[in-house]
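Peer 1: Residue numbers (the working numbering), protein chains in the order written: chain R, 1004 to 1279; chain P, 57 to 349. We put the beta carbon where it would ideally sit given N, CA and C, even for glycine. My structure is below; once you've seen it, I'll send some questions.
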């Protein structure tokens, strides 16, 4: 028994060391954001000798932090709402209606989930920016991201819908409830758990997306947080401490979100892993 | 049995299914086929007119050593990342399903790198490689570390693999944790009673039981590595001297830096075919090797 206890102790130490390994880069960034650039270059690993908060307002202004934060928020919220509503409606049809038309396109959608974004990147720019004239606008980003997430949303919600008994639909229909009202009043409220998983998953992807946004958004007023990090880190490449502050500020919102919804996020990883 | 029929069915399909279908078609399917068309044209991205040039882009891509080098590098990167991230993920998964105090807190903390986007992650590690590790190298007198890993081609690739595996392994950990949690405790107990060693239990009971998770994680890592872009862009930006330019970044640079859109799209189609083959293999293995319960 004594031996088992010591094994447990060493396992705990191992887990602790691994946690340090996985967290130290973020801790370093946080620590260095509170130093002067001079101290950063001479002593990158030590705790700050004197807390310097000036980096934050400086980075906040240089990055146009509020603008990028707003743009990222608008994108994330709009795309999440669209994906959740349209995806759930489509999933309802796939789950409840036997139709060759529906199942054909449903399987095509599933197959499309594995396609790399690079296969669409250039034609998307050509179609939406060059031909439809959507340049420097959030609209094409919202539309395209909704389309790219649609298959996953339909797939995820359909799995959940299949576990909701058909008798519920039938009971409502016998009572004279139309299909549309049935979906929004009765089915939709039952979907809440899976919608949370879906939204958390989609939101993390959109929040951290760099490539798609960078294709359609050019000016500084339109920048998202990941784009801003890129521009900021390339532009002020010698002023390290404000850069650290900028990185902290850009990471912080998602980190808070994660700590609040970690259960759903970790559950979403398992369910979303089938996406590949 | 009450079912919808006729008009009611089609009304529902039209109102509920077709909006999603339309967005998907216009954002994925039409661009995809249009992309195949672009790969047969010569287009600089500015001119409105196309010149159809048949397979010229493809023959050119196949005859460009840079393309093959990039593909080869992507292969090396993929092998390194898949092995490292899965070994680490497996160890973490096993460790954090053992009877350990505060294992949920450990899971939450270790997953954190995945919350941070690839671009930010790349920059953070760039500073650690350029300023952190060089400091350690200089003060301890380790010659291999005293200059930045990112300025040496081979070491830059190692750095890229390390950073990617560091992030991905924490992601895979969650899937492995779910896998190990689903292994019935009686099975492990039975093996122990029959005198199996810890290693025996791990290798002969746990590993076979989590085969579906292993398949998922392996393919997830392969596909992700083949398509990696953000970390590549922000950590090394393909450097030094383009020696870490992986295929996705190369497609991006060919299109938006060199403005050879037709050529870039031909490479994108090739990448698509590679990923599609991997996905078909995944579907095959998932069906074949699933442990029957």
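Comparing the C-beta of residue 1005 of chain R with each C-beta of chain P, is any distance below 8 Å?
Peer 2: For residue 1005 of chain R, the pLDDT reaches just 46, beneath the cut-off of 50, and the residue's location in the model is therefore unreliable, leaving the point undetermined.
Peer 1: Would residue 1065 of chain R and residue 1256 of chain R qualify as a contact pair, given that the criterion is a beta-carbon distance under 8 Å?
Peer 2: No, they are not a contact pair.
Peer 1: Scan the segment 1030-1058 of chain R and note each continuous alpha helix (DSSP H) run of 4 residues or more that stays entirely inside, going in chain order.
Peer 2: Qualifying alpha helix (DSSP H) stretches, in chain order: 1040-1045.
Peer 1: Does the Cβ-Cβ distance between residue 1153 of chain R and residue 1090 of chain R come in under 8 Å?
Peer 2: Yes.
Peer 1: Under a three-way DSSP split, which group does residue 120 of chain P fall into?
Peer 2: Residue 120 of chain P: coil per DSSP, three-state reduction.
Peer 1: Are the beta-carbon atoms of residue 1233 of chain R and residue 1213 of chain R separated by less than 8 Å?
Peer 2: Yes, these two residues count as a Cβ contact at 8 Å.
Peer 1: Could you tell me which of P:329, P:314, P:332 and P:272 sits nearest to residue 341 of chain P, measuring between CA atoms?
Peer 2: Selected option, being the one with the closest Cα: P:272.
Peer 1: How big is the Cα-Cα spacing for residue 1081 of chain R and residue 264 of chain P?
Peer 2: Whole-angstrom Cα-Cα distance: 43 Å.
Peer 1: Measure from the C-beta of residue 117 of chain P to each C-beta in chain R and report whether the shortest distance is under 8 Å.
Peer 2: So, not an interface residue.
Peer 1: Considering only C-alpha positions, which residue in the set R:1121, R:1040, R:1131 and R:1185 is nearest to residue 1062 of chain R?
Peer 2: Residue 1062 of chain R has its Cα closest to that of R:1040, out of R:1121, R:1040, R:1131 and R:1185.
Peer 1: Return the Cβ separation of residue 179 of chain P and residue 226 of chain P in integer angstroms, given the expectation that the two are a contact with Cβ distance under 8 Å.
Peer 2: No, residue 179 of chain P and residue 226 of chain P are not in contact; Cβ-Cβ is about 18 Å, not under 8 Å.
Peer 1: Taking the DSSP output, what are the residues bridged to residue 98 of chain P?
Peer 2: According to DSSP, residue 98 of chain P bridges with P:107.
Peer 1: Whose CA, out of P:328, P:343 and P:344, lies closest to the CA of residue 1116 of chain R?
Peer 2: Measuring from the Cα of residue 1116 of chain R, the nearest candidate turns out to be P:328.
Peer 1: Within the same chain, show all residues whose beta-carbon is closer than 8 Å to that of residue 274 of chain P, passing over the 5 residues directly before and after it, in chain order.
Peer 2: Around residue 274 of chain P: 138 and 142.
Peer 1: Comparing the C-beta of residue 1129 of chain R with each C-beta of chain P, is any distance below 8 Å?
Peer 2: Answer yes: the Cβ-Cβ gap between residue 1129 of chain R and chain P drops below 8 Å somewhere.
Peer 1: What is the rounded straight-line gap between the Cα of residue 335 of chain P and the Cα of residue 1243 of chain R?
Peer 2: Residue 335 of chain P and residue 1243 of chain R: Cα-Cα distance of roughly 42 Å.
Peer 1: Tell me, to the nearest whole angstrom, how far the beta carbon of residue 966 of chain R is from that of residue 1057 of chain R; I am working on the premise that it is less than 8 Å.
Peer 2: An answer regarding residue 966 of chain R cannot be provided, because it is not within the stretch 1004 to 1279 covered by chain R.
Peer 1: Do the segment 253-262 of chain P and the segment 158-178 of chain P meet, that is, are 3 or more Cβ pairs less than 8 Å apart?
Peer 2: Because the criterion of three Cβ pairs below 8 Å is not met, the segment 253-262 of chain P and the segment 158-178 of chain P do not touch.
Peer 1: Does the beta carbon of residue 181 of chain P come closer than 8 Å to any beta carbon on chain R?
Peer 2: Yes, contact with chain R.
Peer 1: Given this structure, state the Cα-to-Cα distance separating residue 113 of chain P from residue 309 of chain P, to the nearest angstrom.
Peer 2: So the alpha carbons of these two residues sit roughly 16 Å apart.
Peer 1: Span of the alpha helix (DSSP H) holding residue 1112 of chain R?
Peer 2: 1103-1115 is the span of the alpha helix (DSSP H), which, as asked, contains residue 1112 of chain R.
Peer 1: With respect to the alpha helix (DSSP H) encompassing residue 274 of chain P, which residues constitute its N-terminal and C-terminal limits?
Peer 2: From DSSP, the alpha helix (DSSP H) with residue 274 of chain P extends over 267-282.
Peer 1: For residue 1012 of chain R, which of P:93, P:157, P:118 and P:116 has the nearest alpha-carbon?
Peer 2: With distances taken between Cα atoms, residue 1012 of chain R lies closest to P:157.
Peer 1: What do you get for residue 1198 of chain R, buried or exposed, if any count of 16 or more other CB atoms within 10 angstroms of its CB means buried?
Peer 2: The residue is buried, with at least 16 neighbouring Cβ atoms inside 10 Å.
Peer 1: Return the first residue and the last residue of the alpha helix (DSSP H) that residue 163 of chain P is part of.
Peer 2: 159-167 is the span of the alpha helix (DSSP H), which, as asked, contains residue 163 of chain P.
Peer 1: Determine which residues of the segment 1131-1164 of chain R have a Cβ less than 7 Å from any Cβ of chain P, and write them out in chain order.
Peer 2: So the close ones are 1146, 1147, 1149, 1150, 1151, 1153, 1154 and 1157.
Peer 1: Please return the same chain residues whose Cβ sits closer than 6 Å to the Cβ of residue 290 of chain P, not counting the five positions on each side in sequence.
Peer 2: Same-chain partners within the cutoff: 175, 178 and 179.
Peer 1: So, with DSSP's three-state summary, where would you put residue 1016 of chain R?
Peer 2: In this structure, residue 1016 of chain R counts as helix in the three-state DSSP scheme.
Peer 1: Within 8 Å (strictly less), CB to CB, does residue 122 of chain P reach chain R?
Peer 2: With 8 Å as the cut-off, residue 122 of chain P does not count as an interface residue toward chain R.
Peer 1: What three-state label does DSSP hand residue 1276 of chain R in the structure shown?
Peer 2: DSSP places residue 1276 of chain R in helix when its eight states are reduced to three.
Peer 1: Expressed to the nearest angstrom, what Euclidean distance is found between the alpha-carbon atoms of residue 1222 of chain R and residue 1135 of chain R?
Peer 2: One C-alpha to the other measures close to 19 Å.
Peer 1: Would residue 1243 of chain R count as contacting chain P if we go by Cβ distances under 8 Å?
Peer 2: Residue 1243 of chain R counts as touching chain P.
Peer 1: Taking its Cβ as the centre, do 16 or more other Cβ atoms sit within 10 Å of residue 1237 of chain R, making it buried, or is it exposed?
Peer 2: Residue 1237 of chain R comes out exposed.
Peer 1: Return the chain-ordered list of same chain residues with a C-beta closer than 6 Å to the C-beta of residue 213 of chain P, the five sequence neighbours on each side being excluded.
Peer 2: Cβ within range, chain order: 300.
Peer 1: Using the C-alpha atoms, what's the distance from residue 77 of chain P back to residue 1102 of chain R?
Peer 2: Spanning the two alpha carbons is a distance of roughly 14 Å.
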